[in-house]
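Going by our numbering, the residue at position 271 of the sequence shown is 271; the numbering climbs one at a time, nothing skipped. C-beta atoms are modelled at their ideal positions from N, C-alpha and C, and glycine is treated no differently. This report refers to the structure that appears directly beneath it.
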Amino acid sequence: MAGEVAGEAVGETSTPEGPSGLPLEGMRVIELSSFVASPLGGMTLAQLGADVIRVDQIGGGPDIDRWPLAPSGRSLYWAGLNKGKRSVTVDLRSAEGRGLVADLIAASGIVLTNAPRRDGLTYEELRERRPDLIHVQLIGRRGGGNAVDYTVNAALGFPLVTGPEDHDGPVNHVLPAWDVACGLYLAVGLLAAERHRLRTGAGRRLEVALSDVALATAGNLGYLAEAQFGEPRRRIGNDLFGDFGRDFATGDGRRVLVVTLTARHWRDLLAATGLGEVAEALERALGADFTKAADRYAYREALCGVLAPWFAARTCDQIAKAFEGTSVLWSRYRDFAELAADDGAALRAEPLMGELDQPGIGRHLAPGSPLVFDGVQRPPGPAPLLGQHTDEVLGEVLSLPEDALADLRARRVIGERE
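Now the structure itself:
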């Protein structure tokens, strides 16, 4: 194990690629993580210019082969959530391996993790070596207890308000929304702690519980208060809650989603479809005012009855032309296969996407960061191969010479490049 490492000033370092012009250039983060939330938090920072070093057990963590897989057998999931990072593998089961990681953290000053407590890598032990340490920890539940996105979602009630109105039983969501939200909270919290350190010189210990992120979101969106006031949310299928929105079948066998959120959206929808007079007559008959969201929602079945024939008589192209230049919110439903069809034509039209040559996987279209600075969309960077930067990082950050690295590798304290 390398000796005690004096921390650099507030953990600043040069990124391996040199000046990038990105806002987090000079920040180094040691990431001990797996699955979605923590890797997403780290990748968010990496795409903003931070040098994020992901540390895994030799052979990879529990997410190294998680589906979906590329034809080569490598995990598209792992590659997708680790773009732009550097990868180090060590034997985390050994005291010597954990000591190397502690050295990296002491030198860098920031750690992001969802890993369980390990001797030598606890906050208390690390802070002894780096008093201004920023330690960001993802946990399942406040106060202890395991949780994942899917179990948190079930506990909050969302599967029981998702799906067709007459469905009897839970419907699990395919998108790990709480993991995604949690990953972004981790990145924001880390940046807040780093700003505090820049201002005061003091480190921070930050904990984010996955269940808290989900609970906060359910509360912020009114689901919890709604139930407390005696009106718990119920299933409404594909209708938009609290306003008018639903899918419609088109004349060419497709389906489109139409949503109104304001009086202007509603007026433009009526103007585009030529159904203004019919809607006015319906208003008079029902004593309703469809410029109000509450009435559009209350009488959504009647409004769907008016609008459905218009959509059924037109193709998607005709609908697109009718809505062009209006405020109408609408979209044609597409599946992933359609987005990938014709050499990814639909994806290539998106400025966010760029062609990435991912080692071990091959060329495919992948997203860069959704954060666009000064109008420049930066292309995606590849994820590292597992352990790709072990020698580079240990030599650069800990000043270990080649013979020391060779000895560590021979004794399986550090891993080979995959």
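- DSSP places Gly-41 in the uninterrupted alpha helix (DSSP H) bounded by 37-47.
- Annotation: Val-393 is outside any beta strand (DSSP E); the continuous alpha helix (DSSP H) that includes it extends over 390-398.
- Between Ile-319 and the set Leu-269, Val-208, Ala-346, Glu-355, the nearest pair of CA atoms involves Leu-269.
- Of Asp-343, Val-372, Glu-31, Arg-332, the smallest CA-CA separation from Pro-351 is found for Val-372.
- Short of 6 angstroms from the beta carbon of Ala-366, and not among the five residues preceding or following it, lie these beta carbons of its own chain, in chain order: Leu-356, Pro-380.
- Within the segment 101-174, the complete alpha helix (DSSP H) segments of 4 residues or longer fall at 123-129, 149-156, listed in chain order.
- Here Leu-24 is buried: its Cβ has 16 or more other Cβ atoms, across all protein chains shown, within 10 Å.
- Leu-270 sits in a helix when the DSSP states are folded into three classes.
- Counting C-beta pairs with one atom in each stretch, the segment 216-231 and the segment 72-88 have fewer than three that are closer than 8 angstroms, which means they do not touch.
- Taking 9 angstroms as the cut-off, the Cβ atoms of Val-393 and Asp-91 do not count as close.
- In the three-state reduction of the DSSP assignment, Asp-63 falls in the coil class.
- Comparing alpha carbon positions, the residue from Pro-62, Arg-54, Ala-209, Gly-60 closest to Gly-144 is Ala-209.
- Close CB contacts of Val-306 within its chain, under the 8 angstroms cut and outside five residues either way in sequence, are with Leu-275, Val-278, Ala-279, Leu-282 (chain order).
- Note that the C-beta distance between Ala-383 and Gln-358 is below 9 angstroms.
- Shown here for Val-259: same chain residues with a beta carbon closer than 8 angstroms to its own, the five before and five after excluded, namely Leu-240, Asp-243, Phe-244, Gly-245, His-265, Leu-329, Trp-330 in chain order.
- Remark: C-beta atoms of Ala-46 and Ile-361 do not approach each other more closely than 9 angstroms.
- Pairwise C-beta distances place the segment 103-121 in contact with the segment 183-200, as three or more of them are shorter than 8 angstroms.
- Between the alpha carbons of Ala-102 and Leu-126 lies a distance of about 7 angstroms.
- For Glu-207, the CB contacts under 7 angstroms within the same chain, skipping 5 residues up- and downstream, are Gln-137, Ile-139 in chain order.
- Rounded to whole angstroms, the Cβ separation of Ser-87 and Asp-132 is 26 angstroms, and the two are not in contact under 8 angstroms.
- Where Leu-356 is concerned, the enclosing beta strand (DSSP E) starts and stops at 353-358.
- Cβ neighbours of Tyr-297 within its own chain (closer than 6 angstroms, five residues either side excluded): Gly-242, Asp-243.
- For Phe-336 and Arg-348, the gap between their C-alpha atoms comes out near 14 angstroms.
- Arg-284 and Thr-291 have their alpha carbons spaced roughly 13 angstroms apart.
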